[in-house]
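**Student:** Letter by letter, the sequence shown follows residues -19 to -1, 1 to 709 of mature numbering (1 follows the signal peptide of the UniProt record, and there is no 0).
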Amino acid sequence: WQVLAIYMVLAANLSEQQALKQACPSCDASQLCNCSSVGLDFIPPGLTAKITVLNLAYNRIQRIQSQDLQQAVNLRALLLQSNQISSIDKDSFQSLAKLELLDLSNNSLAHLSPLWFGHLFSLQHLHLQGNSYRDLGQSSPFSSLRNLSSLHLGNPQFSVIRQGNFEGIELLHKLWIDGSNLSQYEQGSLKSIKVINHMIINLRNSNVFSEIVRDCLHSVTWLEVIEIKLQVEKKSLVQNSTRPFRIQKLTFKEAFFTDQTLSRAIVLLKEITSLKILEAINCVLEGQGRWNTKEIARSGQSFVETVTIIKVMIQNFHLFFDLEGMESQITKLKRLTIASSNVFMVPCKLAKNFSSLLYLDFHDNLLVNNRLNETICKGSWPSLQTLNLSQNSLKSLEQTAKYISRLPKLNNLDISQNSFGEIPNECEWPKHLKYLNLSSTQIPKVTKCIPPTLEVLDVSGNNLKEFGLQLSFLKELYLTGNQLRTLPGAAPIPNLVALSVRRNKLNSFSKEEFEGAQVGAVHLSLMECHRSLMVSLICVLVFLVILLLVAVGYKYHMVWYLRMTWAWLQAKRKPKRAPPKDVIYDAFVSYSENDSEWVENTMVQELEQACPPFRLCLHKRDFVPGKWIVDNIIDSIEKSRKTLFVLSEHFVQSEWCKYELDFSHFRLFDENNDAAILVLLEPIQSNAIPKRFCKLRKIMNTKTYLEWPAGEEQQQMFWENLKGALKS
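1. Among G462, L450, Y459, which residue has its Cα nearest to the Cα of A471?
2. Determine which residues share a DSSP beta bridge with I290 and list them.
3. Where does V627 fall in DSSP's three states?
4. Threshold first: 4 residues or longer. Then list the alpha helix (DSSP H) segments lying entirely within the segment 342 to 421, N to C.
5. Have a look at I228 and I253 and give me their C-alpha separation to the nearest angstrom.
6. I believe H100 touches F74 by the beta-carbon criterion, under 8 angstroms. Please report the beta-carbon distance rounded to the nearest angstrom.
7. Tell me the rounded alpha-carbon separation between Q12 and I519.
8. May I have the straight-line CA-CA distance separating L(-10) from T29, to the nearest angstrom?
9. Is the beta carbon of G111 sitting closer than 9 angstroms to the one on S94?
10. Quick check on the DSSP output: the alpha helix (DSSP H) that includes G705 runs from which residue to which?
11. Name the DSSP bridge partner or partners of Y166?
12. Work out the CA separation of C408 and S400 for me, nearest whole Å.
13. Quick one: Cα of Y384 to Cα of N354, how far?
14. Under three-state DSSP, which class holds K446?
15. I'd like to confirm the pairing. Which residues does DSSP put opposite L60 in its beta bridges?
16. Hey, quick one: how far does the beta strand (DSSP E) through T232 stretch, first residue to last?
17. Starting from V585, trace the beta strand (DSSP E) in both directions and tell me its first and last residue.
18. On the DSSP bridge list, what partners appear for D159?
19. Sort R41, P26, L35, G160 by Cα distance to Q48 and report the nearest one.
20. What would DSSP say about residue 731, mapped onto helix, strand or coil?
21. Please say whether H108 and D84 have beta carbons closer to each other than 9 angstroms?
22. Using beta-carbon positions only, say whether L341 and L375 come within less than 9 angstroms of one another.
23. I'd like the list of long-range same chain contacts for residue 714, defined as Cβ closer than 8 angstroms, with 5 residues on each side in sequence excluded.
24. With a threshold of 6 angstroms on Cβ separation, who are the neighbours of C358 within its own chain once the five nearest residues in sequence on each side are excluded?
25. Which term fits V440, buried or exposed, when burial requires 16 or more other beta carbons within 10 angstroms of its beta carbon?
26. Between the Cα of S113 and those of D159, H154, A78, L132, spot the shortest distance and give me the residue it belongs to.
27. Leaving out the 5 sequence neighbours to the left and right, which residues in its chain are closer than 6 angstroms to T232 when beta-carbon positions are compared?
28. Assign C598 to one of two classes, buried (16 or more other C-beta atoms within 10 Å of its C-beta) or exposed (fewer than that).
29. Cα-Cα, which of W97, P593, L703, N463 is closest to R483?
30. Report the three-state DSSP secondary structure of H108 (helix, strand or coil).
31. Where Q366 and L153 are concerned, what is the direct C-alpha to C-alpha distance, given to the nearest angstrom?
32. Taking the Cβ atom as the reference point for each residue, do L435 and K412 lie within a distance shorter than 9 angstroms?
33. Using only CA atoms, which one of T624, M584, L82, S337 lies nearest to S309?
34. With DSSP collapsed to three states, give me the class of L129.
35. Provide the residue span of the beta strand (DSSP E) that contains I615, from first to last.
36. Quick one: measure Cβ to Cβ for residue 741 and S191, integer angstroms, because I've assumed they're closer than 8 angstroms.
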């Protein structure tokens, strides 16, 4: 009995492993088990302790049961997103003490239970967004998750956050909440989390936003708010909160502002003295800059040092006011980016008050030369060190350099991707300019307009045919994508340590061009260094690939299949069904040579000697001698009302039957007709049929077939049924 019990246990385990391998072949002998997008309705049995990553995403799983994951005790990552899960047994994850990542997003969970997560002591990342729960329950579902680092939750139906919902979580690197329809937030709900490095929340309710900001002042470092439509908030955002605050960065994405709401927001955000970085990305401002500058000025100085504005849409931006009265608010600003926002000028009076600004980025805007005189007027941007004016509409390099020379402390300048076209012989630049980017500006040559003080110069993507400037301080030179035929001389650039000359027309290097100087590192492709060798290698590789294709084609009869496909395409041009006068057979019989004794001596005699007799087409007897086998098969099928498959183990193993089955498969199933009759000469599993005959396998699973009986008393009924099928 003990031996029998052991045998039964081993047999059960083996059966489960076979079931797992069949449901998910990648799980075989692998720690990473990828079963995504294979149409599973359940978690496959046979999961073992060797699996550390299990991917079941994008299936049709509806329920997780207690025993499903019981043996997967070493699982580190479990991906179940994008299924149809609506039910999870309370102890389904009980054995997963080592699990670090659990993704249940985009399912159909109507509630969250703390019992699910009670034993997930190692869990660091939990994804629950995209389900259908409306709240997190009356208490915290996460109370036992002491090691949680990132939490994603919420959905379009999520509407309530209660006090105690986050009890047990003390520190999060990232908290993401889809609260697009969040309408009720109990104050203090998020205060239980002591530290949140990055919090992202989709939110439309302005009142909820204010409550969340008040709760996050001492815990969140970076708050990112998406889709908010701000209202005029009268209450303070800090109220009775004590300093110091923790929040340093606030980002608005896809938000909507008006002149009134933006004015009030500027005032309220000044109260958050720890706030240093403010961002607005893909936002909309409905207004013309009629801000309440008096109230803004009365509220005191802003502590924000960095402002980033990217792709902000202002309707009728050309009517926007010059922000007179905002001068006092910008004196402490150190970094300003306004990109892809249709900026065409900055008033001189305003520009002069950016007294502390070190970094200015105006890339991808509408700046032109005649407005640049106003934007960079004398006395403006007095502390500026880095300026980015790339991707604007500047046309004159001489004028651009002249206006920029008014910036006494500038040492980094990017004016790439402007259409200068020409370059003058001399230009006026800031005295301490060290970095200059003139790439993709359509300049045809380099002249003494290039400042001699440079340490880094980028003139890539132009039409330069030579480079011969004297630049004694230059350390890095970028000449990629030009028309150079020779290297720049070494003597004029004695301190050069990095040179990029990719995608030019260089053919060779001479020792004299380097003047004996040692080159530390040259990054050239093999094609550039050894062109003839590479061409030879490519030819050898092409020859080997052709040889391999020929060998594979010979082994797997590819030539035969190509001829077969051509014949089938030719047959496709013929009428779908032969005219009645051309149908001369009742059935074309497809069978293995090993089954010929039964076919020819039993079935043929029974059917052709019946009353009335049936006319059968057999390849041995009725194929036209000398005619290509492919044409014989197609013609025989077209001239037969039915095709009768005599299936057996010999049939599916026979190479000849595979070819014959190919053509009957093409013709019969392309027409979606009911001309196939299946006769099972011996028991055979549908999965024994080659996988490429998927429609035939489907028919075996869905269509009634005739099975040759062993007993003589049932054989008469078999013949009657077969004759009835042939007559139908």
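Backbone N, C-alpha and C define an ideal beta-carbon position, used for all residues, glycine too.
**Tutor:** So, from the listed chains and residues:
1. L450
2. A261, I319
3. strand
4. 350 to 356, 378 to 385
5. 8 angstroms
6. 6 angstroms
7. 38 angstroms
8. In this predicted model, L(-10) has a pLDDT of only 39, less than 50, meaning its place in the structure is not dependable enough to derive any value.
9. no
10. 693 to 708
11. I142
12. 17 angstroms
13. 6 angstroms
14. coil
15. N36, D84
16. 230 to 234
17. Where V585 is concerned, there is no enclosing beta strand (DSSP E), although the alpha helix (DSSP H) it sits in stretches over 585 to 589.
18. G135, N183
19. P26
20. Shown here, the chain extends from -19 to 709; a query on residue 731 therefore has no answer.
21. yes
22. no
23. Nothing in the structure corresponds to residue 714, since the chain is present only between -19 and 709.
24. C329
25. buried
26. D159
27. E205, E260
28. buried
29. N463
30. strand
31. 37 angstroms
32. no
33. S337
34. coil
35. Not the beta strand (DSSP E): I615 falls in the alpha helix (DSSP H), residues 610 to 619.
36. It is not possible to answer for residue 741, since the shown part of the chain is limited to -19 through 709.
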